[in-house]
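In the numbering used here, the protein residues as written are 427 to 923. Down below is the structure, laid out as structure tokens.
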């Protein structure tokens with residue numbers, strides 16, 4: 427295609443993301459659209475215990491990110507956590523992790539594109555919904571083709587919008603609580619709303635568990651900094667900063683926001699169908715509250731789609747280097763971005779347009795795709811932890827020398843893995859999320875078949891060596907003469923699941 431060249435030793439991903447890009451990408455990944463869209467329903471299910479729901483999820487995922495960070499910094503030749511899995515667990519793990527992460531973002535991206543079309547409909551109801559849907563895909567593709575730095579700039583400003591909206595909500599809520607604000611219905615803003623109506627667990631332990639079904643999807647994308655590792659300047663400084671700030675960000679953006687919402691408005695009065703952010707601003711008489719929040723959520727969904735386009739193209743780039751994706755995905759444009767991977771991922775988002783005309787089934791489709799995406803992310807996060815356990819066994823000297831070790835080590839790995847297993851059980855409790863448990867195995871069955879086909883044709887796994895590990899044959903170790911691991915020119919089988 428025009429603008430692409432065959433890969434050479436000098437033709438590689440460029441480290442164009444600066445510290446401010448990575449910090450805001452991390453924040454954007456920690457603030458999912460689920461916070462704006464799903465928090466009302468989560469509150470209705472769990473009551474005030476929703477604060478514990480988000481705290482537990484954030485706590486567990488912090489250790490996943492620390493495990494990922496230690497491994498990425500132990501060998502800067504790792505382009506992403508997919509490389510780590512392929513190195514320490516074997517080529518099959520890199521294959522499963524890479525393609526599953528790609529598919530999880532495609533599923534999420536489809537939901538985001540449909541959501542953006544719905545939000546645009548609020549501002550322009552006469553505009554056909556397929557126009558903003560295709561327009562978003564075309565816009566994000568064009569911008570991502572220019573340079574990785576432009577992706578960083580997009581995420582920087584998308585994250586700024588989300589931060590401003592949440593901080594404004596928290597400040598507004600604090601003022602209303604401090605002044606004992608009394609609404610038109612006579613209800614006074616007070617922290618007593620957090621325990622006065624049924625206590626912290628008004629629906630019992632079952633209601634508490636139900637909150638996890640929606641809330642966990644809101645954290646999808648937190649691992650995005652791990653896909654940007656190969657394009658980050660000074661990763662030894664920027665990655666630890668971004669990861670270590672996760673607890674603070676979860677505390678402010680999730681727990682802080684929901685706390686003031688439930689303190690101002692009793693949790694039973696919060697509608698699961700309306701954004702509690704809109705209701706909060708409406709209380710203080712902001713006439714444009716609905717428009718402002720719809721704009722914020724629109725940019726949040728666009729941000730998520732943008733992250734998906736970026737991360738999936740980088741996964742395809744790495745998979746192509748391993749010989750388990752079409753070789754053309756290795757090609758970089760003159761701007762050093764994987765152009766064909768971007769085009770392919772964007773093409774896979776186009777089916778979202780069909781969902782716009784699915785009538786009443788759109789909501790059901792949304793529930794299904796987000797449940798499927800949640801399961802896929804749980805698999806990816808699990809692979810990161812399993813890779814960490816294998817890394818500790820395979821490279822004890824690297825672990826001993828690390829300056830960014832995972833707190834709790836192996837013990838916390840097993841604690842978090844147990845939590846993930848319990849989340850699968852929780853998803854099976856409700857009929858609408860249980861359907862995802864029936865659909866998702868089809869994907870892994872397809873991966874198994876594709877892997878067997880690739881193995882039979884000799885195309886599974888990188889030739890000669892795995893990134894940063896011992897050579898798998900008599901070939902020189904990766905990085906000995908080709909620090910990017912791109913010197914091998916064996917033709918991979920162009921079969922993709």
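Even for Gly, the Cβ is constructed at its ideal location relative to N, Cα and C.
Taking C-beta separations shorter than 8 angstroms and ignoring five residues to either side along the sequence, the partners of residue 576 in its chain run 569, 570, following chain order. The alpha helix (DSSP H) runs lying completely inside the stretch 623-707 and spanning 4 residues or more are 630-641, 661-670, 672-676, 683-690, given in chain order. DSSP places residue 607 in no alpha helix (DSSP H); its state is neither H nor E. Cβ contact annotation for residue 539 (same chain, cutoff 7 angstroms, sequence separation greater than five): 559, 562, 563, 731, 775, 778, in chain order. Residue 491 and residue 669 have their alpha carbons spaced roughly 6 angstroms apart.
The continuous stretches of alpha helix (DSSP H) do not include residue 776, and DSSP gives it neither H nor E. Each residue's CA atom was taken as its position, placing residue 608 and residue 685 some 17 angstroms apart. Beta bridge pairing from DSSP links residue 863 with no other residue.
Counting only residues of its own chain and dropping the five nearest sequence neighbours on each side, residue 599 has a CB closer than 6 angstroms to the CB of 686, 690. In this structure residue 854 touches residue 863 by the C-beta definition: roughly 6 angstroms separates them, less than 8 angstroms.
Here residue 878 carries a helix assignment [DSSP, helix/strand/coil]. Residue 855 carries a coil assignment under DSSP once its states are collapsed to helix, strand and coil. Cβ contact annotation for residue 767 (same chain, cutoff 6 angstroms, sequence separation greater than five): 739, 742, 743, 755, in chain order.
For residue 555, DSSP records no beta bridge to any residue.
Pairwise C-beta distances place the stretch 539-550 in contact with the stretch 716-726, as three or more of them are shorter than 8 angstroms. The beta carbon of residue 805 sits closer than 7 angstroms to those of 526, all from its chain and outside the five residues before and after it, given in chain order. A straight-line Cα-Cα distance of about 22 angstroms links residue 814 and residue 660. In the DSSP assignment, residue 529 falls within the unbroken alpha helix (DSSP H) covering 517-549. Measuring C-alpha to C-alpha distances from residue 514 to each of 816, 847, 471 identifies 816 as the nearest.
The residue among 748, 773, 737, 750 with its C-alpha nearest the C-alpha of residue 763 is 737.
Counting along the chain, residue 484 sits inside the alpha helix (DSSP H) bounded by residues 476-500. In this structure, the beta-carbon distance from residue 649 to residue 494 falls below 8 angstroms.
If you compare the alpha carbons of 838, 605, 507, 680 with that of residue 480, the shortest gap goes to 680.
Taking C-beta separations shorter than 7 angstroms and ignoring five residues to either side along the sequence, the partners of residue 820 in its chain run 514, following chain order. Ranked by Cα distance from residue 478, the options 611, 624, 641 are led by 641. Less than 8 angstroms divides the Cβ of residue 635 from the Cβ of residue 852. Minimum Cα-Cα distance from residue 603 among the listed residues 683, 810, 836, 811 corresponds to 683.
Annotation for residue 822: the continuous alpha helix (DSSP H) segment containing it runs 822-827.
Counting other Cβ atoms within 10 Å of its Cβ, residue 693 reaches 16 or more and is therefore classed as buried. About 15 angstroms separates the CB atoms of residue 673 and residue 830; that is not less than 8 angstroms, and the two are not in contact. With 16 or more neighbouring CB atoms inside 10 Å of its own CB, residue 474 falls in the buried class.
For residue 516, the closest alpha carbon among the candidates 823, 826, 748, 876 is that of 748.
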